[in-house]
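Report on one structure; see the data block that follows.
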Amino acid sequence: MLFKMLSNQRNNGDKPANMFSHWKTVLSNRNVLAGLMLGVFTAGANESLNVVFASWLEITFGMTLTAIGLATVVIGVADLLGEGGVIAFSDRYGKRRTVGWGIGLSVLSYLALPLLGTSQTGALIGLFLVYLTFEFAVVAILPLMTELMPVARASVMSANIAGHSLGRMLGALMGGFLLQFGIGASGIAAAVLNILALVVLLLWVQENKS
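Numbering-wise, the sequence shown is residues 13 to 222 according to the working numbering.
Put into structure tokens, the structure is as follows:
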């Protein structure tokens, strides 16, 4: 009954809701498509490390499962600080600029991880920086995406979540493959993906000023 009631809802006056019309609009907008690529690249980069960092810590430093579990606390704190940073900077300096800062800092963090990862303490610091900057970037992308096409905001945000999921799927596959080459390869690959995201942001994503 609830489904029937929802199906009878009307959008735009008396016109019936069309679940495909907004998707067509979204996927034909170059600005939105470029925005979606930000999620694919940044999420893919993070997931490529996310699936291997526990194995890396165990193999390289002999960390136990309990110790690795405690290391995730460091990541959790980094996530919270990254999200708080977006609150502090996004409205003040602009959504697009804030995203650019987040992605740029992510590039540096991914490149620094192999250098810091020569010791257990350095590895934890490196992971903290990676997840801090990633969370800052990915949370900053959300308000930017909401303004790229306000008339189809719900569809854009749904597509954005799908883009992140696609990126994570591809990143997981890439991370498993790169593990055999060491954390250096993972860090460089993740940095390259973020560089691609930064290029897309600078060239094709324009913040809606209206």
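C-beta atoms are modelled at their ideal positions from N, C-alpha and C, and glycine is treated no differently.
query: Cα-Cα, which of Phe148, Phe65 and Asn172 is closest to Val38?; result: Asn172
query: Can you round the beta-carbon distance between Ala202 and Ala57 to whole angstroms, since I take them to be within the 8 Å contact cut?; result: 4 Å
query: For a test of the three-state rule: what should DSSP assign to Phe223, helix, strand or coil?; result: Shown here, the chain extends from 13 to 222; a query on residue 223 therefore has no answer.
query: Roughly how many angstroms separate the alpha carbons of Gly188 and Gly199, rounded to a whole number?; result: 13 Å
query: Since Lys219 and Leu154 should fall inside the 8 Å C-beta cutoff, what is the C-beta to C-beta distance between them, to a whole number of angstroms?; result: Residue 219 is actually Glu in this sequence, not Lys. That belief does not hold up - the Cβ atoms of Glu219 and Leu154 are roughly 13 Å apart, past 8 Å.
query: Give a yes or no on whether the C-beta atoms belonging to Ala55 and Ile115 are separated by under 7 Å.; result: no
query: Using a Cβ-Cβ cutoff of less than 8 Å, which residues in the same chain neighbour Val168 once the five nearest sequence positions on both sides are dropped?; result: Val38, Val44, Gly47, Met157, Thr158, Leu160 and Met161
query: Is the Cβ of Ala203 closer than 7 Å to any Cβ of chain C?; result: The structure shown contains no chain C; it is built from a single protein chain.
query: Roughly how many whole angstroms lie between the Cα atoms of Leu50 and Ile207?; result: 10 Å
query: Does the distance from the CB of Ala197 to the CB of Leu190 come in under 7 Å?; result: yes
query: How far does the alpha helix (DSSP H) with Leu82 in it reach, from first residue to last?; result: Leu77 to Tyr105
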